[in-house]
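What follows is a single structure, written as structure tokens, with notes after it.
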Amino acid sequence: MAAVSAVRGGRWPVFQHPRRRRQMGASISPASSSSAMGSWGSLRLRKQLSFRSNSRGFSLFARYSQTQDVFSSRFQDRIENLPKLVEDIVQTSINTGPRGALRMAQGIQAVIGVGGEWLSDLSKSTNSADGLPAQLQLGLLSPFYLRRLFERMGATYIKLGQFIASAPTLFPPEYVEEFQNCFDRAPTVPFNEIKAILREELGRPIESVYEYVDPTPIASASIAQVHGARLKGSQEDVVIKVLKPGIEDILVADLNFVYVVARLLEFLNPELSRASLVGIVKDIRESMLEEVDFQKEAANIEAFRRYLEAMALTQQATAPKVYYQCSTKRVLTMQRLYGVPLTDLDTISSLVSSPETSLITALNVWFGSLLACETFHADVHAGNLWLLRDGRIGFLDFGIVGQISPKTWAAMEVFLESIATEEYDAMASALIEMGATNTNVDSRAFARDLEKIFSSIKDLDTEVVIATARGTNTTATAVSANVIVDERQMNALFLDVVRVSESYGLKFPREFALLMKQLLYFDRYTRLLAPNLNMLQDQRISIVSNRRSNYRNNYR
1 MAAVSAVRGG
11 RWPVFQHPRR
21 RRQMGASISP
31 ASSSSAMGSW
41 GSLRLRKQLS
51 FRSNSRGFSL
61 FARYSQTQDV
71 FSSRFQDRIE
81 NLPKLVEDIV
91 QTSINTGPRG
101 ALRMAQGIQA
111 VIGVGGEWLS
121 DLSKSTNSAD
131 GLPAQLQLGL
141 LSPFYLRRLF
151 ERMGATYIKL
161 GQFIASAPTL
171 FPPEYVEEFQ
181 NCFDRAPTVP
191 FNEIKAILRE
201 ELGRPIESVY
211 EYVDPTPIAS
221 ASIAQVHGAR
231 LKGSQEDVVI
241 KVLKPGIEDI
251 LVADLNFVYV
261 VARLLEFLNP
271 ELSRASLVGI
281 VKDIRESMLE
291 EVDFQKEAAN
301 IEAFRRYLEA
311 MALTQQATAP
321 KVYYQCSTKR
331 VLTMQRLYGV
341 PLTDLDTISS
351 LVSSPETSLI
361 TALNVWFGSL
371 LACETFHADV
381 HAGNLWLLRD
391 GRIGFLDFGI
401 VGQISPKTWA
411 AMEVFLESIA
421 TEEYDAMASA
431 LIEMGATNTN
441 VDSRAFARDL
451 EKIFSSIKDL
461 DTEVVIATAR
471 GTNTTATAVS
481 ANVIVDERQM
491 NALFLDVVRV
501 SESYGLKFPR
511 EFALLMKQLL
521 YFDRYTRLLA
531 PNLNMLQDQR
541 ISIVSNRRSN
551 YRNNYR
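For what it's worth, full-length UniProt numbering labels the leading residue of the sequence shown as 1, then goes sequentially.
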């Protein structure tokens with residue numbers, strides 16, 4: 001392009017018009033010496049051309065040499081990293097063992113099944129005049145069919161899909177939105193198998209531990225199954241969470257396979273190492289393996305219970321007591337709490353006079369735990385956050401927890417306050433403080449873009465759906481409610497914030513996504529139980545916890 005520019009600018013004499021060159025020669029020398037001058041000019045021209053040709057050749061050679069050096073350097077790096085890659089793959093394969101072959105067969109079966117769905121949909125669309133939809137063009141790599149494949153692959157991939165849905169800072173928005181629909185559908189395990197696991201884990205007959213175990217499960221997910229029971233002796237009502245048989249083998253095989261693929265991709269394309277692909281996979285693997293270690297969950301529950309005691313909150317909220325004498329890595333026995341989800345409007349109104357006050361209690365307890373407790377509850381959907389019969393708030397299922405640094409939370413507090421006050425300059429500064437970036441961010445332009453996004457929050461549609469159900473043996477009618485549309489719109493709003501932030505070079509920690517997801521849950525409860533409550537501005541809600549340091553200092 002530089003050469004073209006020089007030609008157009010007329011800076012190279014060799015490209016001037018012949019007539020103009022002759023005119024210039026005539027003005028400089030007499031006609032008698034024109035021949036000699038022409039010879040000298042020709043000689044000079046040949047030298048210039050030769051020099052320029054040599055210069056260009058040298059420049060091309062220099063560039064070629066640099067390219068060769070870069071290629072040689074990268075090739076050398078790959079050769080040096082090859083033994084480590086082979087060692088990792090071999091060690092991972094050894095750890096996986098024969099279960100890897102079984103999962104491979106199951107994976108092929110799942111691919112064939114979803115591939116059949118894609119072909120069926122494809123045949124229906126080929127006759128359409130509108131052309132093929134984008135999801136059909138991408139095949140099994142499209143968000144929709146990939147989500148369907150994950151659901152068919154079972155526990156590991158369902159959890160992986162849920163991780164994608166909760167990590168918009170790491171994955172494309174189309175996949176994050178689609179994996180919001182990744183449902184955990186799992187068949188129940190026969191009770192005989194559950195009893196066998198209990199005998200093996202407890203090391204004694206289950207009749208010596210439990211007075212009674214209900215053979216019908218309360219709940220069944222991809223990883224665990226929950227049964228109601230009563231302890232022998234104390235006659236206390238408990239629930240038993242049992243890890244499903246073979247789930248650890250499946251998790252190890254699947255996660256090892258994902259790890260090997262990530263290592264190979266980074267080896268073949270070193271640019272991916274900048275995105276920390278292997279690091280992300282390691283985090284996912286660590287998180288999932290912790291979720292199937294019930295001793296870790298027991299520790300999370302006990303940490304939350306200690307937080308409630310230290311902050312004198314036991315009269316307002318609770319978490320189930322863990323019975324360690326009948327709990328192991330694969331079995332978790334907990335106190336049974338009786339109550340209803342925060343979406344059961346009818347029962348909540350019969351239990352407490354002010355549902356709004358109960359919601360404020362739940363918000364204050366959860367906000368306080370963000371820094372005053374070792375971990376915070378990172379999955380407060382309606383199944384895990386109850387109003388108990390005694391009027392307290394019950395926090396259930398501590399399989400998914402998060403940790404947040406004081407720096408991130410300080411920025412998060414400013415971010416939340418700026419949403420309420422619509423101070424977009426402060427919001428931009430908070431997000432810049434929270435996001436890791438190597439570039440200078442134009443905070444004023446960033447603030448203007450955020451204002452455009454959040455102006456749409458006023459246009460969010462909220463539809464409350466009331467459902468009634470009459471009992472089979474009674475005339476009583478149960479009323480429950482839910483918010484539809486709103487959550488998807490709020491998720492879309494959040495994704496817009498992440499997308500715009502990333503355009504400015506910001507990368508948020510995963511805690512940011514976890515926190516935002518919980519706030520969306522609380523936003524749903526607010527619209528149901530206290531539609532006139534402003535969660536971010538009400539003085540009764542303590543978003544900024546001035547008590548947060550006391551508890552940690554006491555337990556260091």
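Every residue gets a Cβ at the ideal spot worked out from N, C-alpha and C, and that includes glycine.
Whole angstroms are fine: how far does the CA of residue j sit from the CA of residue i?
{"i": "ILE348", "j": "THR188", "result": "30 Å"}
{"i": "GLY339", "j": "PRO320", "result": "12 Å"}
{"i": "GLU248", "j": "VAL292", "result": "7 Å"}
{"i": "ASP121", "j": "VAL500", "result": "34 Å"}
{"i": "LEU514", "j": "LEU136", "result": "31 Å"}
{"i": "GLU174", "j": "ARG330", "result": "36 Å"}
{"i": "MET288", "j": "ILE158", "result": "11 Å"}
{"i": "VAL464", "j": "SER354", "result": "The pLDDT assigned to VAL464 is 44, lower than 50, so where the model puts this residue is not dependable, and the model offers no usable value."}
{"i": "LEU536", "j": "ALA298", "result": "32 Å"}
{"i": "THR318", "j": "HIS381", "result": "16 Å"}
{"i": "PRO190", "j": "LYS407", "result": "48 Å"}
{"i": "GLY399", "j": "SER455", "result": "36 Å"}
{"i": "ILE240", "j": "PRO215", "result": "11 Å"}
{"i": "ILE543", "j": "GLU413", "result": "7 Å"}
{"i": "LEU138", "j": "GLU309", "result": "53 Å"}
{"i": "THR314", "j": "PRO245", "result": "36 Å"}
{"i": "THR474", "j": "PHE376", "result": "With a pLDDT of only 43 at THR474, under the threshold of 50, the placement of this residue in the model should not be trusted; the figure read from the coordinates follows. Spanning the two alpha carbons is a distance of roughly 40 Å."}
{"i": "ILE250", "j": "THR357", "result": "44 Å"}
{"i": "LEU140", "j": "LEU146", "result": "6 Å"}
{"i": "ILE223", "j": "ALA428", "result": "40 Å"}
{"i": "PHE163", "j": "VAL226", "result": "23 Å"}
{"i": "TYR504", "j": "ILE404", "result": "23 Å"}
{"i": "LEU370", "j": "LEU337", "result": "23 Å"}
{"i": "PRO172", "j": "GLY203", "result": "47 Å"}
{"i": "ASP496", "j": "ALA134", "result": "21 Å"}
{"i": "CYS373", "j": "PHE294", "result": "19 Å"}
{"i": "MET334", "j": "ILE301", "result": "10 Å"}
{"i": "VAL322", "j": "LEU160", "result": "28 Å"}
{"i": "SER42", "j": "GLU266", "result": "The pLDDT assigned to SER42 is 49, lower than 50, so where the model puts this residue is not dependable, and the model offers no usable value."}
Tell me the DSSP bridge mates of residue i?
{"i": "ILE240", "result": "HIS227 and THR333"}
{"i": "SER220", "result": "GLN225"}
{"i": "PRO341", "result": "TRP386"}
{"i": "PHE376", "result": "GLY402"}
{"i": "VAL322", "result": "MET334"}
{"i": "ALA317", "result": "ILE393"}
Could you check where the beta strand (DSSP E) with residue i kicks off and where it finishes?
{"i": "GLU211", "result": "210-213"}
{"i": "ILE393", "result": "393-395"}
What residue range is occupied by the uninterrupted alpha helix (DSSP H) comprising residue i?
{"i": "PHE512", "result": "510-529"}
{"i": "PHE304", "result": "294-310"}
{"i": "residue 558", "result": "Outside the displayed range of the chain (1 to 556) lies residue 558, so it cannot be described from this structure."}
{"i": "GLY368", "result": "355-372"}
{"i": "ALA420", "result": "406-421"}
{"i": "ASP449", "result": "443-454"}
If distances are taken between C-alpha atoms only, which option among the options comes closest to residue i?
{"i": "MET153", "options": "LYS517, LEU363 and ALA105", "result": "ALA105"}
{"i": "ALA262", "options": "ILE280, LEU251, VAL252 and ALA253", "result": "ILE280"}
{"i": "LEU351", "options": "TYR210, THR439, GLY391 and ALA372", "result": "GLY391"}
{"i": "residue 562", "options": "ASP379, LEU198 and LEU146", "result": "Residue 562 lies beyond the stretch modelled for the chain, which goes from 1 to 556, so this question has no answer here."}
{"i": "LYS296", "options": "GLY505, SER369 and GLY402", "result": "GLY402"}
{"i": "GLN539", "options": "VAL213, GLU417 and PRO172", "result": "GLU417"}
{"i": "SER443", "options": "LEU506, ALA101, GLY107 and PHE494", "result": "LEU506"}
{"i": "ILE360", "options": "GLN235, VAL497 and LEU342", "result": "LEU342"}
{"i": "LEU388", "options": "PRO172, TRP409, ALA362 and TRP366", "result": "ALA362"}
{"i": "ALA196", "options": "GLN180, ILE301, ASP237 and VAL242", "result": "VAL242"}
{"i": "PRO205", "options": "TYR307, CYS326 and LEU255", "result": "CYS326"}
{"i": "MET434", "options": "ASN300, LEU385, GLU511 and LEU493", "result": "GLU511"}
{"i": "ASP346", "options": "PHE144, LEU533 and LEU528", "result": "LEU528"}
{"i": "LEU493", "options": "GLU290, ALA426, ILE419 and LEU533", "result": "ILE419"}
{"i": "GLN180", "options": "LEU450, PHE144 and GLU211", "result": "PHE144"}
{"i": "GLU117", "options": "ARG103, SER142, LEU102 and LYS452", "result": "SER142"}
Quick check on the DSSP output: what are the complete alpha helix (DSSP H) runs of length 4 or more inside the region 134-207, in order along the chain? Runs of the alpha helix (DSSP H) inside the region 134-207: 134-137, 143-153, 155-165, 173-178 and 191-202.
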